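Asker:
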Amino acid sequence: MADQAEKLREMAAANEGTENKSHKMRVITITSGKGGVGKSNITVNLALALARLNKKVVIFDADFGMANVDILLGLIPRYTMHHVVRGEKRLQEIILAGPLGVQIVPGSTGLLEMANLKGLERRLLLKQLLELEKSAEILLIDTGAGISKSVLGFITAASDVLVITNPEPTSITDAYSITKIISQYQLHREVKLLVNQVKNEKEGDEVAERFLRVTQKYLQLSLQYVGCITTDSAVTRSVREQHPFLLAYPNSRAALCIERIAANLTEPGHLNAGEEGMRRFLEKISKIFL
Numbered sequence: 008m009a010d011q012a013e014k015l016r017e018m019a020a021a022n023e024g025t026e027n028k029s030h031k032m033r034v035i036t037i038t039s040g041k042g043g044v045g046k047s048n049i050t051v052n053l054a055l056a057l058a059r060l061n062k063k064v065v066i067f068d069a070d071f072g073m074a075n076v077d078i079l080l081g082l083i084p085r086y087t088m089h090h091v092v093r094g095e096k097r098l099q100e101i102i103l104a105g106p107l108g109v110q111i112v113p114g115s116t117g118l119l120e121m122a123n124l125k126g127l128e129r130r131l132l133l134k135q136l137l138e139l140e141k142s143a144e145i146l147l148i149d150t151g152a153g154i155s156k157s158v159l160g161f162i163t164a165a166s167d168v169l170v171i172t173n174p175e176p177t178s179i180t181d182a183y184s185i186t187k188i189i190s191q192y193q194l195h196r197e198v199k200l201l202v203n204q205v206k207n208e209k210e211g212d213e214v215a216e217r218f219l220r221v222t223q224k225y226l227q228l229s230l231q232y233v234g235c236i237t238t239d240s241a242v243t244r245s246v247r248e249q250h251p252f253l254l255a256y257p258n259s260r261a262a263l264c265i266e267r268i269a270a271n272l273t274e275p276g277h278l279n280a281g282e283e284g285m286r287r288f289l290e291k292i293s294k295i296f297l
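Using my numbering, count along the sequence shown one by one with no gaps and you end on 297.
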């Protein structure tokens, strides 16, 4: 632990005086009630669509144990947050360069290991994480499916929460369950909804309308529908090819859908202004995890 602390001190010294130069980053936590709804694939392609709108984007793969953002992009991470937590690598050394300037932070179990850090090491690590705010405007956090301490922590700390579901009754029920928890425990005042794998836009609108009616009746939060993605064979092919469908099949229905969603999210009033920024996000995360 002494060697680890020394390495972290050296890394922090290299970053001294930089945090005041950063702007405020928007942190969007992307989650779902169940697996199999295409959450990680949407995260990757949404990041690319936002990049095409001249946004600087970082993806944090926080699906502990099932991390696959790198796989969807055909990338092989040599290091992850595990190595940063142990003081073996600086954050900038583990970041993967993706298409269109999108950056990826391979998560592994790194943040869970933060629970074992002492106060000094923890502060120095959090200071490193602030570096992300210098190089990006939007941080997309791809969480694990379902309800866990880590998922709820990322939801609580984020500027925006995007819940993904599909038209299947079990998926809708699970998405409602996580939305209900967000409301009951006042983790967030607003949730954004994306409906994936729909036959057409009409089906997406119908699913969103039913979801909205129930949340308005029983829950104390605001729900914003940001759009849907139609079922498309291009999505399946792109996963096999490890090439995002937005780039591999730019004229596919799914690509056009994700572009509309990205445009919706960047409209005034759709994304929270990010007043709290990365520092506030990390303060919240440290209180929850540590």
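Just so it is clear, CB atoms sit at the ideal spot from N, CA and C, and this is done for glycine as well.
The structure displayed is predicted, hence computed values, not measured ones.
Please specify which runs of the alpha helix (DSSP H), each continuous and at least 4 residues long, are wholly inside the segment 205–249, giving them in chain order.
Answerer: 208–225, 240–248
Asker: With three or more beta-carbon pairs closer than 8 Å as the criterion, would you say the segment 166–184 touches the segment 197–214?
Answerer: Below 8 Å, enough C-beta pairs join the segment 166–184 and the segment 197–214 to call them touching: three or more.
Asker: From the DSSP output, in three-state form, read off Ile-49 for me.
Answerer: Helix at Ile-49.
Asker: Which value, in whole angstroms, describes the spacing of the CA atoms of Gln-231 and Leu-253?
Answerer: 24 Å
Asker: Taking Val-34 as the reference, which of Ser-166, Arg-93, Ala-58, Arg-217 has the closest Cα?
Answerer: Ser-166
Asker: Given that a residue counts as buried once 16 or more other Cβ atoms are within 10 Å of its Cβ, and exposed if not, what is Gln-110?
Answerer: buried
Asker: For Leu-169, count neighbouring C-beta atoms within 10 Å of its own C-beta (all shown protein chains included) and say buried if the count is 16 or more, exposed if not.
Answerer: buried
Asker: Taking 7 Å as the cut-off, decide whether the C-beta atoms of Ala-269 and Leu-60 are in contact.
Answerer: Cβ atoms of Ala-269 and Leu-60: closer than 7 Å.
Asker: In whole angstroms, what separates the C-alpha of Ser-39 from that of Glu-100?
Answerer: 30 Å
Asker: Which value, in whole angstroms, describes the spacing of the CA atoms of Arg-287 and Ala-164?
Answerer: 8 Å
Asker: If you draw a straight line from the alpha carbon of Leu-132 to that of Tyr-86, how long is it in whole angstroms?
Answerer: Using only the alpha carbons, I get a separation of about 16 Å.
Asker: Under 7 Å, Cβ to Cβ, is there at least one residue of chain B near Thr-38?
Answerer: Within the model displayed, chain B is absent; a lone protein chain is all it includes.
Asker: Helix, strand or coil for Ala-165? Go by DSSP, reduced to three states.
Answerer: coil
Asker: Could you name each continuous beta strand (DSSP E) segment of 3 residues or more that falls completely within the segment 172–207, going from the start of the chain to the end?
Answerer: 197–205
Asker: What's the gap between the Cα of Ser-29 and the Cα of Val-65?
Answerer: Here Ser-29 scores only 46 on pLDDT, less than 50, and its place in the model is too uncertain to base an answer on.
Asker: Go ahead and label Leu-289 buried or exposed: buried means 16 or more other beta carbons lie within 10 angstroms of its beta carbon, across all protein chains shown.
Answerer: Looking at its Cβ environment, which holds 16 or more other Cβ atoms inside 10 Å, Leu-289 is buried.
Asker: Examine the Cβ distances between the segment 219–233 and the segment 248–262 and report whether three or more of them are shorter than 8 Å.
Answerer: no
Asker: Taking the alpha carbon of Leu-200 as the reference point, which residue from Ile-185, Tyr-225, Leu-146 has its own alpha carbon closest?
Answerer: Per the Cα distances, Ile-185.
Asker: Check this for me: beta carbons of Met-32 and Leu-137, under 7 Å apart or not?
Answerer: no
Asker: Counting C-beta neighbours from all protein chains within 10 Å, is the total for Thr-36 16 or more, i.e. buried, or is it exposed?
Answerer: buried
Asker: With DSSP collapsed to three states, give me the class of Leu-107.
Answerer: It is helical.
Asker: Between Leu-53, Asp-239, Ser-190, which has its C-alpha nearest Pro-106's C-alpha?
Answerer: Of the listed residues, the one whose Cα sits closest to Pro-106 is Leu-53.
Asker: Do you know offhand how far Leu-57's Cα is from Glu-266's?
Answerer: C-alpha separation (whole angstroms): 8 Å.
Asker: Assign Tyr-225 to one of two classes, buried (16 or more other C-beta atoms within 10 Å of its C-beta) or exposed (fewer than that).
Answerer: Label assigned to Tyr-225: exposed.
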